[in-house]
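J.: Respectively, the protein sequence lines represent chains A and B.
Quick note on numbering: my numbering labels position 260 of the first sequence as 364, and the sequence is numbered without any gaps.
Quick note on numbering: my numbering labels position 89 of the second sequence as 193, and the sequence is numbered without any gaps.
Note that the Cβ used here is the ideal one computed from N, Cα and C, for glycine as well.
There are 2 protein chains.
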Amino acid sequence: MTKYENVKKKIVNSITSGHYQSGDKLPTESVLMKQYGVSRYTIRRAMGELENEHYIYKIQGGGMYVDDWQANRQKTVNNKMIGIVTTHLADYIFPSIINGIDRAISNKGYSVLLSNTHNDHAQERQSLQRMLESNIAGLILEPTQSALPNPNVDLYRQIEQSKVPALFINAHYDDLQIPYIQLNDRHIEYQLVKRLFERGHKSILGVFQVDDLQGVERMRGFMDAYAQHPEFSYLSDVIMYQSVDDMAKIFKKTAHRLKDDSHPTAIVCYNDQLAIQIMDVVRSVGLKIPEDVSIVGFDDYLLSKYVTPSLTTAVHPKNRMGMDAGRMILSMIDGQKAAPIVYDAEIIERDSVATIKKNK
Amino acid sequence: MTKYENVKKKIVNSITSGHYQSGDKLPTESVLMKQYGVSRYTIRRAMGELENEHYIYKIQGGGMYVDDWQANRQKTVNNKMIGIVTTHLADYIFPSIINGIDRAISNKGYSVLLSNTHNDHAQERQSLQRMLESNIAGLILEPTQSALPNPNVDLYRQIEQSKVPALFINAHYDDLQIPYIQLNDRHIEYQLVKRLFERGHKSILGVFQVDDLQGVERMRGFMDAYAQHPEFSYLSDVIMYQSVDDMAKIFKKTAHRLKDDSHPTAIVCYNDQLAIQIMDVVRSVGLKIPEDVSIVGFDDYLLSKYVTPSLTTAVHPKNRMGMDAGRMILSMIDGQKAAPIVYDAEIIERDSVATIKKNK
DNA sequence: ATGGATTTGTACGTATGTATC
DNA sequence: TGATACATACGTACAAATCCA
Chain A
105 MTKYENVKKK IVNSITSGHY QSGDKLPTES VLMKQYGVSR YTIRRAMGEL
155 ENEHYIYKIQ GGGMYVDDWQ ANRQKTVNNK MIGIVTTHLA DYIFPSIING
205 IDRAISNKGY SVLLSNTHND HAQERQSLQR MLESNIAGLI LEPTQSALPN
255 PNVDLYRQIE QSKVPALFIN AHYDDLQIPY IQLNDRHIEY QLVKRLFERG
305 HKSILGVFQV DDLQGVERMR GFMDAYAQHP EFSYLSDVIM YQSVDDMAKI
355 FKKTAHRLKD DSHPTAIVCY NDQLAIQIMD VVRSVGLKIP EDVSIVGFDD
405 YLLSKYVTPS LTTAVHPKNR MGMDAGRMIL SMIDGQKAAP IVYDAEIIER
455 DSVATIKKNK
Chain B
105 MTKYENVKKK IVNSITSGHY QSGDKLPTES VLMKQYGVSR YTIRRAMGEL
155 ENEHYIYKIQ GGGMYVDDWQ ANRQKTVNNK MIGIVTTHLA DYIFPSIING
205 IDRAISNKGY SVLLSNTHND HAQERQSLQR MLESNIAGLI LEPTQSALPN
255 PNVDLYRQIE QSKVPALFIN AHYDDLQIPY IQLNDRHIEY QLVKRLFERG
305 HKSILGVFQV DDLQGVERMR GFMDAYAQHP EFSYLSDVIM YQSVDDMAKI
355 FKKTAHRLKD DSHPTAIVCY NDQLAIQIMD VVRSVGLKIP EDVSIVGFDD
405 YLLSKYVTPS LTTAVHPKNR MGMDAGRMIL SMIDGQKAAP IVYDAEIIER
455 DSVATIKKNK
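#1: Out of A:Gly122, A:Pro247 and A:Val386, point me to the one whose CA is closest to A:Gln319's CA.
#2: Can you tell me which of A:Gly127, A:Tyr145, A:Ala370 and A:Phe402 puts its alpha carbon nearest to the alpha carbon of A:Gln313?
#3: Taking the alpha-carbon of B:Ile209 as reference, which of B:Leu217, B:Leu434, B:Pro444 and B:Asp455 has the nearest alpha-carbon?
#4: Verify the CB distance criterion: does B:Gln178 have a CB-CB separation below 7 Å to chain A?
#5: Does the distance from the CB of B:Tyr108 to the CB of B:Thr146 come in under 7 Å?
#6: What is the DSSP secondary structure of B:Glu450, counted as helix, strand or coil?
#7: Between the Cα of B:Ile292 and the Cα atoms of B:Asp404, B:Val342 and B:Ser366, which residue gives the shortest distance?
#8: Using 8 Å as the threshold, is the region 213–230 of chain A in touch with the region 288–303 of chain A, meaning 3 or more CB pairs across them?
#9: Please report how far the alpha carbon of B:Val311 lies from the alpha carbon of B:Glu335, in whole angstroms.
#10: Using the beta-carbon count (16 or more within 10 Å), is A:Thr369 buried or exposed?
#11: Just to confirm the assignment, what range does the alpha helix (DSSP H) spanning A:Leu434 have?
#12: From A:Tyr374 to A:Thr358, what does the alpha carbon distance come to, in whole angstroms?
#13: For the beta strand (DSSP E) containing B:Ser398, list its first residue and its last residue.
#14: Taking all protein chains shown into account, do 16 or more other C-beta atoms lie within 10 angstroms of the C-beta of B:Ala275, making it buried, or fewer, making it exposed?
#15: Would you mind sorting A:Lys184 into buried or exposed? The rule is 16 or more other CB atoms within 10 Å of its CB.
#16: Under 8 Å by Cβ, that's how I've got B:Val411 and B:Ile380 pegged, so tell me the actual separation to the nearest angstrom.
#17: Can you list, in chain order, the residues of the region 213–229 of chain B whose Cβ is nearer than 7 Å to any Cβ on chain A?
#18: Which of helix, strand or coil does DSSP assign to A:Gly152?
#19: Starting from the beta carbon of A:Asp364, find every residue of chain B whose beta carbon is closer than 7 Å, and list them in chain order.
#20: Can a CB atom of chain A be found closer than 7 Å to the CB of B:Ser456?
#21: For B:Ser165 versus B:Ile437, is the C-beta spacing smaller than 7 Å?
#22: Kindly indicate which residue of B:Thr416, B:Ser414 and B:Ile445 has the alpha-carbon position closest to the one of B:Arg424.
#23: Residues of chain B with CB closer than 9 Å to the CB of A:Tyr410, please, in chain order.
#24: When DSSP labels each residue in this structure, what does A:Ala370 get in the three-state scheme?
#25: Let me check understanding here. Comparing Cα to Cα, which of A:Arg324, A:Ile460 and A:Tyr447 lies closest to A:Leu287?
#26: Which class does B:Lys212 belong to by DSSP, given the choice of helix, strand or coil?
#27: Closer than 7 Å, CB to CB, is A:Leu193 near chain B or not?
#28: Can you tell me which of A:Met151, A:Leu217 and A:Thr190 puts its alpha carbon nearest to the alpha carbon of A:Asp224?
#29: For B:Gly304 and B:Lys363, what's the separation of their Cα atoms in angstroms?
#30: Using a beta-carbon distance below 7 Å, is A:Pro199 in contact with chain B?
#31: What residue does the beta strand (DSSP E) around B:Lys162 start on, and which one ends it?
#32: Taking only runs of the alpha helix (DSSP H) that begin and end inside the region 305–372 of chain A, which ones reach a length of at least 4 residues, in chain order?
#33: Quick one: residues in its chain with C-beta nearer than 7 Å to the C-beta of A:Glu155, no 5 flanking neighbours on either side, listed in chain order?
#34: Does B:Gln174 pass the burial test, meaning 16 or more other C-beta atoms within 10 Å, or should it be called exposed?
#35: With respect to the alpha helix (DSSP H) encompassing B:Thr120, which residues constitute its N-terminal and C-terminal limits?
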């Protein structure tokens, strides 16, 4: 420990302990020289560094004063930013989530730094690197193609070990010690499909995006429901796709299934966005919704209430998830531990599901 | 200019000019002393500051070397961020605009730093201050309550004079030398109302939000159309409101107008968001759309196609505006001048407008 | 308002410590 | 191991800004 470091430490202590209050005039250099028994060089070096670190400020001829260090401490360059990395930025359910985050953090003086991955690992890598370079106070992440092996685990590990608090939304990686907020996708989808069984459906087609964990979990829920009806299991049918696939082919495949005489009486879709498109596919092969085919979505997208027929779906608590994420990240910035949150959300029955008559 | 500043400047020059390349070993302190004819103190002071600024790095006993300054220069903290300050963040047309901006800038390595004002001047002040403190490369601004005197002009002036490029979207202040991208609200609204006249409407109610310039301009366009039909001018009627007003009162006022026997045959609304609410008001007094009352909106909101009856409106080129704004701010960062862009957008006729029969 | 005292800023010379080559 | 090169430290001198009688 050098002399100037020693002096510096003692003076920082006097400031942080409150012995010198913000705005107080500090002793002059010559007084400090005597006080610490060192030369002017040593005092000047110590005080110079304290000035750089915004603990004090100096006025030539005037003296040295304690700076507003409590505010300036974190303000090297304003870092009251929460980074958000999502697969999409301004489509579908994401505006509501981001809005929720903003509502939770903006009144505490934080802003949001947004970056989206377009569900692509290369872009996710760029986004994460950019976030790590930016002087952010916290990080809210939605994993990209979360069901596939992630080539960016090295960055996630880096985040995990860094002092920047982070949390996942919508999905999470089990092997990372990062808290998460997400839906109980599996159980919610199970409930959706169970209701279809209760309304007499036996042959149900599932269409799921399987490169993210939500999709995989929802498909599991679909399977779970069938597992309770082993007598119909041979009627279950699933179409799986990935976000990079050409959707036209998926719709073609779906249409082909519907043209069969013994076509499914219901289609369970990965999410509402897909469901709305599938509705067009159903109509394109001359079938009526819900008379011939019932449709179920997931997420309760804004439009789902307005399409005809209005879409039966499960609520994604978008705004609430955003607010919870914002609050959680703030508490983590304050040094608290965060426990995961899992929503068991509500189902909204609308007009896209019909009851199958027994005598049919 | 002090000696150490002088020495510092000359050495920075040798580095930026390429005389010393990144990684090169610099002369020793004693050589520099002779070279510049100054004491060791002066050399050490100069080189110490250059080290802090990441131009060079030192190794005790080893020597001084040129740092990777080209990368580190801009990376004091990563500043590849575009600040966006809008009245709303994730509602209505804003996701599309932000999406457009993101599409334009993300492939150049930029991220978006978002902050919204909730259409409140105090929050606008906070947002602008936060942006000025954050190390951003450019700023995209939507004025808050742009038709009212703005208490934050001081900050806008500061932005105008700073080296950070800025531009306005949706509206602009004439007395600031800041480029803008917006709609020709007045002329577009004029065309909307003109079409109502062409379809036989004579008594048209306008409902406009008048604390932002878009609303004021749209109202002017409404007036312009009536000015061409002086014979009906006594039938024109306008309800004005501000964003802080209690909308329930505005709807009550609107309902009151509709209850009159000689009620207007059409309502022209500030935007689609309002129009969709007004549609409920119309129905609540027992009138049918469009048979009894036609409705016209503005902005072509996502939902406008799906409400029943679907809403006649004018296109707000949201995504295009975002992309243009992104491209413009990037070209300004490159040092180019930017010329304002004004869109003369298209009108979409849907089912919320009826033709008035002549014999009526 | 003015000049002298005080206080910080710049600058030089010297001596010694410590890491590198 | 010795020479080299940066780091720490002290003393001194004068300049420039501020303060106060």
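T.: In terms of the structure at hand:
#1: Contrary to the premise, residue 319 of chain A reads as Gly rather than Gln in this sequence. Out of A:Gly122, A:Pro247 and A:Val386, A:Pro247 has the C-alpha closest to the C-alpha of A:Gly319.
#2: A:Phe402
#3: B:Leu434
#4: Only weak support is given to the placement of B:Gln178: the predicted model assigns it a pLDDT of 48, under 50, and the value that follows is read from those uncertain coordinates. Not one chain A Cβ lies under 7 Å of B:Gln178.
#5: yes
#6: coil
#7: B:Asp404
#8: Segments in contact, no.
#9: A straight-line Cα-Cα distance of about 21 Å links B:Val311 and B:Glu335.
#10: buried
#11: Element bounds for A:Leu434: Lys422 to Ile437.
#12: 14 Å
#13: Ser398 to Val400
#14: buried
#15: buried
#16: Contact holds; Cβ gap of about 6 Å.
#17: Answer in chain order: Ser215, Val216, Leu217, Leu218, Ser219 and Asn220.
#18: helix
#19: Correct list: empty, because the minimum Cβ distance to chain B is about 31 Å.
#20: no
#21: In the sequence on display, residue 165 of chain B carries Gly and not Ser. Taking 7 Å as the Cβ cut-off, B:Gly165 and B:Ile437 do not qualify as a contacting pair.
#22: B:Ile445
#23: Leu407, Lys409, Tyr410, Val411 and Thr412, listed in chain order.
#24: strand
#25: A:Tyr447
#26: Coil, per DSSP.
#27: yes
#28: A:Thr190
#29: Computed Cα separation, rounded: 21 Å.
#30: yes
#31: Ile160 to Ile163
#32: 317–331 and 351–363
#33: Tyr161 and Lys162
#34: exposed
#35: Counted as a single uninterrupted DSSP element, the alpha helix (DSSP H) harbouring B:Thr120 occupies residues Lys107 to Thr120.
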